[in-house]
Amino acid sequence: MTNVWIAAVAVLVVALVWSVSVYNRLVELRNRWQNAYAQIDVQLKRRYDLIPNLVSATRAYLAHERQTLEAVIAARQRASDASDAARARPRHKPTLDALDAAEIALASPLSRLMALVEQYPKLQADETVARLTEELRSTENRIGFSRQAFNDQVTTYNTAIESFPASIIATLCGFRRSSTLRATHSAQERQPVVVAL
Amino acid sequence: MDFFAHQDRARTRSRRLVALFVLALVAVVVAVDVAAYAGWWLFAGGLKPPRFFLETNTFVTLLIVVGGAWVETHRLRDGASALAARLGARPLDDNDPLHRRLRDVTEETAIAAGVPVPALYVLDDPSINALAAGESPALAAVLVTRGALERLERAELQGVVAHEIAHIVGGDSATNAQLAGALYGLLSLHLLGSRMLASALDLQGVTRSALPVRIALAVAGLLVSAVGGLGLAAAQLLRAGISRQREFLADALAVQFTRDRDGLGGALRRIAGEKPTSLGASYAPLVAHFLLAPPGGAGDALNTHPPLAERIRRLYGRTMPAIVDRASRLAPDGSAPADSPVRSPAGSSAERPVASPMRSPGGVESAGEVPEAIDSVAAAYLETMPYVPVARSEAGPASWFATAGGTGRGAGEGGTTSPARAEVAASPAAQLVERIRAASLGYESAGRWLEALVGGADDVAREGGVESDDEADEGVRDALAWVLSPAGSALRVPLLELLLARVRRWSSAHRRDLLDRCRRAVERDGRVDSSEWVYYTLARHRLLPAPPGAQRARRAVSRAEQSRALAALFAMAAAIGEASARNTRDALADAAALLEIQPPAATPDEVGTGELTRALDVLLALPPLSKPILLKVLRRLARTPGDPNYDAFLRAVAAALDCPAPRATSAAPRSASPSLRPAIAPSVAPPNARSPGMFRRREAGADAMSV
Chain H
1043 MTNVWIAAVA
1053 VLVVALVWSV
1063 SVYNRLVELR
1073 NRWQNAYAQI
1083 DVQLKRRYDL
1093 IPNLVSATRA
1103 YLAHERQTLE
1113 AVIAARQRAS
1123 DASDAARARP
1133 RHKPTLDALD
1143 AAEIALASPL
1153 SRLMALVEQY
1163 PKLQADETVA
1173 RLTEELRSTE
1183 NRIGFSRQAF
1193 NDQVTTYNTA
1203 IESFPASIIA
1213 TLCGFRRSST
1223 LRATHSAQER
1233 QPVVVAL
Chain L
107 MDFFAHQDRA
117 RTRSRRLVAL
127 FVLALVAVVV
137 AVDVAAYAGW
147 WLFAGGLKPP
157 RFFLETNTFV
167 TLLIVVGGAW
177 VETHRLRDGA
187 SALAARLGAR
197 PLDDNDPLHR
207 RLRDVTEETA
217 IAAGVPVPAL
227 YVLDDPSINA
237 LAAGESPALA
247 AVLVTRGALE
257 RLERAELQGV
267 VAHEIAHIVG
277 GDSATNAQLA
287 GALYGLLSLH
297 LLGSRMLASA
307 LDLQGVTRSA
317 LPVRIALAVA
327 GLLVSAVGGL
337 GLAAAQLLRA
347 GISRQREFLA
357 DALAVQFTRD
367 RDGLGGALRR
377 IAGEKPTSLG
387 ASYAPLVAHF
397 LLAPPGGAGD
407 ALNTHPPLAE
417 RIRRLYGRTM
427 PAIVDRASRL
437 APDGSAPADS
447 PVRSPAGSSA
457 ERPVASPMRS
467 PGGVESAGEV
477 PEAIDSVAAA
487 YLETMPYVPV
497 ARSEAGPASW
507 FATAGGTGRG
517 AGEGGTTSPA
527 RAEVAASPAA
537 QLVERIRAAS
547 LGYESAGRWL
557 EALVGGADDV
567 AREGGVESDD
577 EADEGVRDAL
587 AWVLSPAGSA
597 LRVPLLELLL
607 ARVRRWSSAH
617 RRDLLDRCRR
627 AVERDGRVDS
637 SEWVYYTLAR
647 HRLLPAPPGA
657 QRARRAVSRA
667 EQSRALAALF
677 AMAAAIGEAS
687 ARNTRDALAD
697 AAALLEIQPP
707 AATPDEVGTG
717 ELTRALDVLL
727 ALPPLSKPIL
737 LKVLRRLART
747 PGDPNYDAFL
757 RAVAAALDCP
767 APRATSAAPR
777 SASPSLRPAI
787 APSVAPPNAR
797 SPGMFRRREA
807 GADAMSV
């Protein structure tokens, strides 16, 4: 009889240890994708900060392209505002959609500006401009990569909470499936800004 | 490429191999136990072995193997930064756009991989390679070669960096250290067995023991050594297998991070298109398993890297041709590509090694420490002195430029007093000389002019002229165009020397950079002709002279090698402009006799720049007094005394040999400085019509080869 009790307790202890380790792993995975999400925000901020610099550096050369420059500035302002709003209400879906829309609206004048920079050899020779375009291109890549890292992390997390037997713990402790960033506009955004240096 | 599937496969395989590796270790321990039993049986003949015999044996074996492994692992475990320092890598310089690009690319990739940004270093090596080191992501470092920075496009560089970061994510350098440690443990077991065997066979040994003991010792030693050796061989195979799987894994991870197959693929294809280099070999043994691609590119079972073709095939799903860019067809170590020889009779084309040699920047920082050619001293001197009245017999370039900025007096006087001076003063180059001597000589303009002077006229034309926003450069542009035209060719070397003398006081980083610009200027049109090679060689040796101890430290050169070097040098001289083949042959025999070198059979008809560079290196080790003799004999070959191209060649050789350029001799009695003197006597023609014929004829025969 005692043997049975000992066996039962042993099984319970093993199960408990296993559950704790699974729980900890799921927590780690969840924190990772949440961090990855925050990274996207950081990189977007970086882009907003860079754009006014690029515009002011190119202004002297592109005096006759004022429309483009102003469009970039305006779109950047809208995107920046939308991002602030999204940061204030991270779970609010309409706000997030507005941010997406603002980002798309920024992409088009920005790529027009980059194309302009390409057309002017003098602009490309300007070291400040060359530096800023490299920075901006790098930032575009960072945004793309941080989105991608987020999706990879979310995929790992979703796989972890849905595979058996960890799915039991996940259901019990309320780990919920997270959704990846949609690809509807990311084809456009993943398109790196082409800069010939 | 389904990179997740590839990752899974590589992970499974490398796990299986690690298990096999552990199994091999266990098998070795068991085998040693068996060997010990066998020894005991032979020695004690049926007696029961003592208590704990098996345990003791196992323990001792494990102690040796694991202890050796532990020691080796710790030896390998110095930080990534220490490794970088040992390889001579430098941290990034944020003022360099290429370095900034590397930093950006790495930071992007680190975001994609979700690891901290590794420390970054640049290895000064012209081949494309990279390596990652470091026990954990937080301590990791990535080293990238200069060749990779310069020759890879952004996406390709990103692929390379992603591959290295994948190694960091996978903890591969820690795994590597452990595997290397285990190998070392097995090696010590093998060595122990050999020692046992040797001491048993040592008949005159100090430790004499009874015969049966010896036999037992010999047998045990033989068995232990054999087991250790077999284990070692097996473990080496397994380690190589594991390492190859990790490479595949890193490739697949790199594609996951960048979501771009062509980046890494392009870089690998470029490496495949590169000639196997021996330059990387200096650091390769230390870090072979860390490298992106092994130098040499062999693919046997012991190699730590899978064949490049296989990696490319997995990336693309099919075989892809290598990408061969122009630069890589010249081997970075200066060896001539076998498939592009130069025929010397046809003319004067030669190729030239792409890379500036890796010279230690230390020791050449201060111009004062370096033995300088006398002419350069003069050229440096004239920077500070606006007017230097020099006697004709002492005239270096100084006398040429002394009046350049002056009133132009003496322009019409012609030969008897100072023809050279008159020419400079009257020539369109005066303004350029002014600018070079000006205190405000900027880095940008110096680089531009240097490129033009080294690269030649057609390069300038191709680039759309020496462009500058500065309106004041109008005159300079004209001056450059004139110097590069046949009419001004006589002044090209003096101007180059003047500029180099000016620039030589700058920091070694600047000089290296300038030399790189020259190299690119020469490469730009895809061919290297003999004059480009000459000017580049001159610039290279002036800008980055060999450190003072270099020739002493050089290994002893065999006589045959010296003889070959001499032949190569004379072949080049012949290609630049020999008087007659017979003359060359005689001069070569003379030179060999004077220098006490075994005379070469004949000058080769073809000579590559790699061969030439090596020849100059070999001849640099000649005794100091022999070098002027060699130069004198070389000058005798010239078709026309004072041919500017030939003189430029002589100066380049003199610079490379670290010896003053030859001065006036009977060959050109009227010349103040034959190596610099314009090609024609002033009485024959007005300055602007000087000896264009000679130059053109030579040019006509000189079809620069395509590289």
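Sequence order for the protein chains is H and L. Under the working numbering, residue 1239 is the last one in the first sequence; the count climbs by one each step, no gaps. Under the working numbering, residue 813 is the last one in the second sequence; the count climbs by one each step, no gaps. We put the CB at the ideal spot given by N, CA and C, even for glycine.
- Any Cβ of chain H closer than 8 Å to the Cβ of L/A218 would place that residue at the interface, and such an atom is present.
- For H/A1124, the uninterrupted alpha helix (DSSP H) run begins and ends at R1108 to A1130, by DSSP.
- When the Cα atoms are used, L/W639 and L/D631 turn out to be separated by approximately 13 Å.
- Contact check for L/L736 against L/P706 fails: the beta carbons are separated by 8 Å or more.
- Sequence-distant Cβ neighbours of H/V1196 in its own chain, meaning closer than 6 Å and more than five residues away, are W1075, S1220 and T1222.
- Burial check for L/I234: the Cβ neighbour count within 10 Å reaches 16 or more, so the residue is buried.
- Of the other Cβ atoms in all chains shown, 16 or more fall within 10 Å of the Cβ of L/F363; this residue is therefore buried.
- Following the DSSP letters along the chain, one finds L/V267 inside the alpha helix (DSSP H) bounded by residues R260 to V275.
- DSSP links L/L226 through a beta bridge to L/V248.
- A direct Cα-to-Cα measurement between L/A191 and L/V250 gives close to 13 Å.
- The shortest CA-to-CA distance from H/S1153 to any of H/R1179, H/F1187 and H/V1051 is the one to H/R1179.
- Only residues of its own chain outside the window of five on either side were considered, and among them L620 and R623 have a CB closer than 6 Å to the CB of L/G553, listed in chain order.
- Linking H/Q1190 to L/R424 through their CA atoms gives a straight-line distance of about 26 Å.
- Between L/L289 and L/L343, the C-beta spacing is not below 8 Å.
- Under the 8 Å Cβ criterion, the stretch 169-178 of chain L does not count as touching the stretch 218-236 of chain L, having fewer than three qualifying pairs.
- In the displayed model, L/P197 falls within a strand according to three-state DSSP.
- For L/E214, the closest Cβ of chain H is nearer than 8 Å.
- The continuous stretches of alpha helix (DSSP H) do not include L/L650, and DSSP gives it neither H nor E.
- Of the candidates L/G265, L/V128, L/V539 and L/S595, the residue whose Cα lies closest to the Cα of L/L604 is L/V539.
- Within chain L, G220 have C-beta atoms less than 8 Å from the C-beta of H/A1078, given in sequence order.
- Chain order gives no chain L residues near H/E1160, where near means a beta carbon separation below 8 Å; the closest approach is about 15 Å.
- With a threshold of 8 Å between beta carbons, L/D200 makes no contact with chain H.
- Taking C-beta atoms as the reference points, L/I429 and L/A399 fail to come closer than 8 Å.
- Counting along the chain, L/L237 sits inside no alpha helix (DSSP H); it lies in the beta strand (DSSP E) bounded by residues A236 to A239.
- Counting C-beta atoms within 10 angstroms of its own C-beta, L/F127 has 16 or more neighbours from the protein chains shown and is therefore classed as buried.
- When Cβ pairs closer than 8 Å are counted between the two stretches, the stretch 1196-1213 of chain H is seen not to touch the stretch 1082-1095 of chain H, the count staying below three.
- For H/E1176, the C-beta contacts it makes with chain L under 8 Å involve P203, R206, R207 and D210, in order along the chain.
- Taking 8 Å as the cut-off, the Cβ atoms of L/D231 and L/R252 count as close.
- A direct Cα-Cα distance of roughly 7 Å separates L/F110 from L/A358.
- Cα atoms of L/A687 and L/L725: separation of roughly 23 Å, rounded to the nearest angstrom.
- Going by beta carbons, L/L601 and L/V589 fall inside the 8 Å limit.
- Sequence-ordered contacts of the stretch 351-366 of chain L with chain H read Q362, F363, T364 and R365 [C-beta pairs closer than 9 Å].
- Contact check for L/D723 against L/P651 fails: the beta carbons are separated by 8 Å or more.
- Contact annotation: the stretch 1104-1122 of chain H touches the stretch 1155-1163 of chain H, with at least three C-beta pairs closer than 8 Å.
- Between L/A340 and L/A130 the beta-carbon gap is near 5 Å, inside 8 Å, which marks them as a contact.
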